[in-house]
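J.:
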């Protein structure tokens, strides 16, 4: 009896973990048409203002063209990720409500600042 | 500007050193683990604490603290070494180093790529007293962002090991946090901590531990690549086997060297 309860519970946990790997099928999670891109050049984001679609998930790519590491970070987007020199990373974002989302470079906060506008 | 940032950096070091030198208090594991809280090549110095309050002298006065050092060795693996100090129920109980804990947080999915972010947590507890049992604790971590809110679930199984086991079965506990990301410096959340006890004889709910309450958390940028994080909350005990009130706090300094 207890074993059945335990097995049922483990099955629920497994389903929970498996659900995280199921590809998004809901309408609001449909793949967006564009993939925005940022370059890091001389400890600045280029461009420092990008526009992305609201209401859909999308991929942001960030390429570090400098010789020192940077960390793409944003409280508004709830993301932080190291970008090694010469490396390009992918950040999965959205769906975002319409509005402005600030991001910055944690290793060069004075210069690496940007805004993402979702609309 | 640079002088201000250097002073903030120095202040964060002083705060941390003071926190780490605090006498260790009880269980101090009122801490929600996120599968996304892994930063490559980042050091973390962390202090957790909690203090229980109850009219029942059997519950009143239990306190615990931890001092922890962690490092993001890879983009998906973050281990920490924790020193766990506890002060038992009652004023006459001493405060002692109870456990040395090896914690491991593992990220299994890229943040935001799937419906939810998934990770795994595993720790080994080494009892510092000759009569103390060792133990393992492990389980899945799941996190989901919905708009400007973040919801995190931890499910844990733990088992005592070695010749000093007080119990032979597997204990099940769970933790939940819902957070509204308002400001970097201050965001509100609520948390749940539950312990259902041994899986082979789960007691009635009133004989389980269940605490729920509000938490305030935030972080301050302390110059390039450094951050001071805090959490402070009050948990209300909702069962007969839970202390009626528990204050919990966390202070963490992250930096890249």
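Protein chains in written order, with the numbering used here: chain A, 629 to 747; chain B, 434 to 690. Glycine included, each C-beta is placed from N, C-alpha and C at the ideal position. Please read these numbers as outputs of a predicted model, since none were measured by experiment.
Report yes or no: do the segment 645 to 665 of chain B and the segment 726 to 735 of chain A share at least 3 C-beta pairs separated by less than 8 Å?
T.: Flag = yes, the segment 645 to 665 of chain B and the segment 726 to 735 of chain A touch.
J.: For the segment 703 to 737 of chain A, enumerate the residues whose C-beta is nearer than 7 Å to any C-beta of chain B, in chain order.
T.: Those would be 703, 706, 707, 708, 710, 720, 721, 725, 734, 735, 736 and 737, in chain order.
J.: Is there at least one Cβ from chain A nearer than 8 Å to residue 546/B's Cβ?
T.: Yes - at least one Cβ of chain A is within 8 Å of the one on residue 546/B.
J.: Beta-carbon within less than 8 Å of residue 457/B's beta-carbon, same chain only, minus the 5 sequence neighbours each way: which residues are those?
T.: Residue confidence for residue 457/B is low, a pLDDT of 32 falling below 50, so the modelled location carries little weight and cannot support an answer.
J.: Taking DSSP as the reference, what is the three-state secondary structure of residue 574/B?
T.: Residue state, collapsed to three classes: strand.
J.: Alpha carbon to alpha carbon, how far is residue 705/A from residue 478/B? Give it in angstroms, no decimals.
T.: Roughly 25 Å separates the two Cα atoms.
J.: So, residue 553/B versus residue 574/B, is the Cβ gap smaller than 8 Å?
T.: Yes; because the gap between Cβ atoms is below 8 Å, this pair is in contact.
J.: Is residue 654/B close to chain A? Criterion is C-beta to C-beta, closer than 8 Å.
T.: Chain A, which has a Cβ nearer than 8 Å to the Cβ of residue 654/B, makes this yes.
J.: When you compare only the Cα positions, how much space is there between residue 676/B and residue 636/B?
T.: Their backbone Cα atoms lie some 17 Å apart in a straight line.
J.: In chain order, what residues of the same chain have a beta carbon less than 6 Å from the beta carbon of residue 683/B, not counting five sequence neighbours either side?
T.: Around residue 683/B: 481 and 664.
J.: Under a three-way DSSP split, which group does residue 703/A fall into?
T.: Three-state result, residue 703/A: coil.
J.: Check for me: the beta strand (DSSP E) holding residue 643/B runs from which residue to which?
T.: From DSSP, the beta strand (DSSP E) with residue 643/B extends over 642 to 654.
J.: What beta strand (DSSP E) runs, 3 residues minimum, are completely inside the segment 554 to 612 of chain B?
T.: As far as the segment 554 to 612 of chain B is concerned, its whole beta strand (DSSP E) runs of at least 3 residues are 567 to 579 and 582 to 594.
J.: Does chain A have any CB closer than 8 Å to the CB of residue 540/B?
T.: So, not an interface residue.
J.: Checking 8 Å against the spacing of the C-beta atoms, do residue 690/A and residue 717/A come in under that value?
T.: Closer than 8 Å, so yes.
J.: Does the beta-carbon of residue 495/B have 16 or more other beta-carbons within 10 angstroms, so that it is buried, or is it exposed?
T.: It counts as buried.
J.: 8 Å is my cut-off, CB to CB: does residue 587/B come that close to chain A?
T.: So, not an interface residue.
J.: Looking at residue 693/B: is its Cβ nearer than 8 Å to the Cβ of residue 681/B?
T.: The requested residue 693/B is not part of the displayed model; chain B covers only 434 to 690.
J.: So, do the segment 605 to 622 of chain B and the segment 631 to 649 of chain B have three or more beta carbon pairs nearer to each other than 8 Å?
T.: Contact holds: three or more Cβ-Cβ distances are below 8 Å.
J.: Below 7 Å on C-beta distance, what does residue 543/B contact in chain A?
T.: 720, listed in chain order.
J.: Check the DSSP bridge columns for residue 672/B and list the partner residues they point to.
T.: DSSP, once it has assigned bridges, lists no residue as partnering residue 672/B.
J.: Closest Cβ-Cβ distance between residue 681/B and chain A: below 8 Å?
T.: Not one chain A Cβ lies under 8 Å of residue 681/B.
J.: Just to check my reading of the structure: residue 632/B and residue 605/B have Cβ atoms closer than 8 Å, yes? What is that Cβ distance to the nearest angstrom?
T.: Indeed, because the Cβ distance is near 5 Å, the residues count as touching under 8 Å.
J.: Heavy atom of the ligand SAH less than 7 Å from the Cβ of residue 707/A, yes or no?
T.: Ligands in the displayed structure: none, and consequently the ligand SAH is not present.
J.: Taking buried to mean at least 16 other C-beta atoms within 10 Å of its own C-beta, is residue 679/B buried or exposed?
T.: Burial call: buried.
J.: How is residue 531/B classed by DSSP in three states: helix, strand or coil?
T.: Residue 531/B: strand per DSSP, three-state reduction.
J.: Listed from N- to C-terminal order along the chain, which residues in the segment 582 to 607 of chain B have their beta-carbon within a distance smaller than 7 Å of any beta-carbon of chain A?
T.: Per Cβ criterion, the list reads 583 and 588.
J.: Taking the DSSP output, what are the residues bridged to residue 503/B?
T.: For residue 503/B, which the question treats as bridged, DSSP gives the partners 477/B and 513/B.
J.: Name the two residues that bound the continuous beta strand (DSSP E) containing residue 746/A.
T.: Taken as a continuous stretch (DSSP letters only), the beta strand (DSSP E) holding residue 746/A covers 741 to 746.
J.: I need the DSSP call for residue 632/B, collapsed to helix, strand or coil.
T.: Residue state, collapsed to three classes: helix.
J.: Does the segment 483 to 494 of chain B come close enough to the segment 595 to 611 of chain B to have 3 or more Cβ pairs within less than 8 Å?
T.: Touching, no, given that fewer than three Cβ pairs across the two stretches are closer than 8 Å.
J.: If the cut-off is 7 Å on Cβ atoms, which residues from the segment 642 to 675 of chain B count as contacting chain A, listed in chain order?
T.: Cβ contacts with chain A: 654, 657 and 658.
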